[in-house]
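To keep things clear, I will list the structure first and then write my remarks on it.
Protein chains in written order, with our numbering: chain A, 36 to 202; chain B, 36 to 202.
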């Protein structure tokens with residue numbers, strides 16, 4: 036696994052690479068899973084790595100299902116946030132915008148499915164990879180894998196929709 | 036919504052009613068979502084209410100997706116733990132055992148699907164209801180609804196399997 040910090044070092048043009056979530060409008064940047072303004076939360080950050088999106092997360096020692104392994108709720112949470120973040124960035128890119136040129140529309144998860152393929156060790160950095168399957172007018176579909184130490188432990192399927200104006 | 040505490044008061048025979056999770060073997064009672072031995076976690080507790088299972092949870096103020104509403108990862112986590120707990124209790128009951136007579140086999144989630152139907156307000160007690168769809172030899176399928184203030188906000192579908200012996 037390449038650490039995101041290594042990816043940034045490998046390509047000096049992306050040294051100032053910012054995460055998708057850094058471009059959420061301020062009032063929508065409080066998510067427990069990925070909001071930079073939520074001091075209690077996970078603050079997950081998602082980036083483009085070519086056509087895929089990537090995020091990495093180191094679970095805390097207490098994020099366990101049972102000793103040694105990550106609890107499934109955390110994995111679902113990370114897939115949810117990485118999926119909806121990837122959806123927002125994918126739509127933005129499909130519309131011809133360059134990340135950083137303006138704030139991202141916020142996407143929310145309409146549906147998520149997670150298949151747990153193998154126990155996920157608690158002491159590894161989790162590597163999330165998003166693949167954009169479909170970009171519609173308001174709906175984006177993203178597949179996400181979660182790997183630890185090179186092994187895929189979970190697969191997610193996220194259907195995200197643009198946050199309705201009334202929200 | 037009936038609070039679980041009210042249900043207990045209404046039926047003195049269930050005053051000592053214990054949660055499914057209270058019967059997990061000690062070494063499998065550390066789950067961040069529902070383990071009584073995880074001091075950092077949610078400590079969700081699930082009970083039978085007739086043929087359905089019920090659990091209730093009050094989110095913390097910081098469990099938000101954006102101000103005022105619960106983040107989806109928490110909802111998925113609660114569905115996961117309530118679903119796998121219900122699976123364990125349903126198999127135990129189907130095998131003719133009475134809760135409390137011995138410890139429950141631990142079930143783990145193989146697959147979870149969550150449909151988010153409406154934004155979930157942060158300031159309400161969340162009411163989870165489980166319906167057992169199928170009890171197999173090692174696999175149990177459970178549907179879960181999550182309601183707030185009487186409105187169903189999310190629906191979950193959990194496929195749980197008995198934890199393999201090697202885990």
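Even glycine gets a Cβ: it sits at the ideal position worked out from N, Cα and C.
Computed from a predicted structure; not experimentally measured.
- Residue 80 of chain A carries a coil assignment under DSSP once its states are collapsed to helix, strand and coil.
- By the Cβ rule, the region 120–140 of chain B does not count as touching the region 114–132 of chain A, because fewer than three pairs are nearer than 8 Å.
- Secondary structure note for residue 194 of chain A: its beta strand (DSSP E) is the uninterrupted segment 186–197.
- Taking each of A:61, A:150, A:88 and A:145 in turn and checking the Cα distance to residue 108 of chain A, the smallest one comes out for A:150.
- Nearest in C-alpha terms to residue 72 of chain B, of all of A:55, A:100, A:189 and A:56, is A:100.
- In the three-state reduction of the DSSP assignment, residue 169 of chain A falls in the strand class.
- When DSSP states are grouped into helix, strand and coil, residue 58 of chain A belongs to the helix group.
- By the Cβ criterion, the region 159–175 of chain B is in contact with the region 88–103 of chain B, since at least three pairs of Cβ atoms, one from each stretch, lie closer than 8 Å.
- The beta-carbon of residue 117 of chain B is placed no less than 7 Å from the nearest beta-carbon of chain A.
- In the DSSP assignment, residue 99 of chain A falls within the unbroken beta strand (DSSP E) covering 99–101.
- If you draw a straight line from the Cα of residue 53 of chain B to the Cα of residue 70 of chain A, it comes to about 37 Å.
- Between the region 135–150 of chain B and the region 56–67 of chain B there are three or more C-beta pairs closer than 8 Å, enough to call the two in contact.
- According to the DSSP assignment, residue 90 of chain B belongs to the beta strand (DSSP E) that extends over 87–92.
- For residue 66 of chain A, the neighbours in chain B by C-beta distance under 8 Å run, in chain order, 99, 100, 101 and 106.
- One Cα belongs to residue 83 of chain B, the other to residue 89 of chain B, and the distance between them is close to 6 Å.
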